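Here the structure comes first, spelled out in structure tokens, and everything after it is commentary.
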Amino acid sequence: MNKIVIGFLGIALVMVAIPIALAWSGTRRRPRVERVNGVAEIRMPRGHWSILGVLAMLPGAAITGLALAVEWAPGAETGRWVLAVFFGVAAAAASGYLFGLEARGRLLFSESTIEKVGVFTRVTARWSDVVKLTFNPMNNWFFMTLATGQRIYVTEGTNGLGDFGELALRNLPRPVLEASPEAVEALEDAAGLQVAPPARAKA
Numbered sequence: 000m001n002k003i004v005i006g007f008l009g010i011a012l013v014m015v016a017i018p019i020a021l022a023w024s025g026t027r028r029r030p031r032v033e034r035v036n037g038v039a040e041i042r043m044p045r046g047h048w049s050i051l052g053v054l055a056m057l058p059g060a061a062i063t064g065l066a067l068a069v070e071w072a073p074g075a076e077t078g079r080w081v082l083a084v085f086f087g088v089a090a091a092a093a094s095g096y097l098f099g100l101e102a103r104g105r106l107l108f109s110e111s112t113i114e115k116v117g118v119f120t121r122v123t124a125r126w127s128d129v130v131k132l133t134f135n136p137m138n139n140w141f142f143m144t145l146a147t148g149q150r151i152y153v154t155e156g157t158n159g160l161g162d163f164g165e166l167a168l169r170n171l172p173r174p175v176l177e178a179s180p181e182a183v184e185a186l187e188d189a190a191g192l193q194v195a196p197p198a199r200a201k202a
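Numbering (numbering that gives the first Met the number 0), first residue to last: 0 to 202.
Shown next, in the form of structure tokens:
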């Protein structure tokens with residue numbers, strides 16, 4: 000029993016520490032990144048997805064440990080292994096995906112192309128393939144809809160957001176930009192552009 004209590008106290012301490020770690024990770028965000036051969040790599044600050052991976056792993060690990068630690072009624076011992084395997088696999092899958100994003104997840108933008116690299120997939124397109132640009136002010140993210148229907152998301156917390164804003168303003172089709180003035184304003188803000196207010200008519 001004492002081991003269970005100590006285990007849950009340890010998990011509680013980690014759960015308290017994770018928001019602090021995420022806030023620390025956010026302070027490392029860089030609006031601009033060094034471009035390699037004209038390509039800007041846009042990704043979350045290092046450690047972000049790993050922290051979320053730990054967070055995703057803890058509940059399943061706790062239930063798995065509890066299932067293995069407690070005494071089961073005679074004849075119900077099989078339930079221990081079913082519960083432990085189910086939550087253990089679920090925790091491993093969820094955290095493994097997030098750790099995969101830490102290792103691979105990124106967006107690559109150049110003057111001509113857009114590339115999204117995920118854990119298992121890769122999407123490559125041209126700026127001219129974008130048919131819609133949307134900005135979500137509640138969650139502070141952009142998403143571009145391609146002619147194929149696929150979407151590419153860019154969140155506010157990424158490194159290189161200023162590079163994305165600059166490249167998007169310069170290379171997205173004019174009709175796409177004109178159809179979303181709110182997104183254009185957000186891109187200008189991300190790129191650090193100072194937009195002059197409209198001139199006032201003389202009396």
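Cβ atoms here follow ideal geometry from the backbone N, Cα and C, with glycine treated the same way.
For clarity, every value in this text was computed on a predicted model and none was experimentally measured.
- DSSP links Tyr152 through a beta bridge to Phe142.
- Taken atom to atom, the span from the alpha-carbon of Glu181 to that of Phe142 is near 13 Å.
- With fewer than 16 other beta carbons inside 10 angstroms of its own, Val35 counts as exposed.
- Its chain contains Arg125, Trp126, Asn170 as the residues whose beta carbon lies nearer than 8 Å to that of Ser111, once the 5 sequence neighbours on both sides are disregarded; these appear in chain order.
- Secondary structure at Glu70: coil, using DSSP grouped into helix, strand and coil.
- The beta carbon of Arg29 is closer than 6 Å to those of Asn158 in its chain, skipping five residues each way along the sequence.
- CA-CA distance, Asp162 to Val84, rounds to 45 Å.
- Contact check for Gly52 against Leu97 passes: the beta carbons are separated by less than 8 Å.
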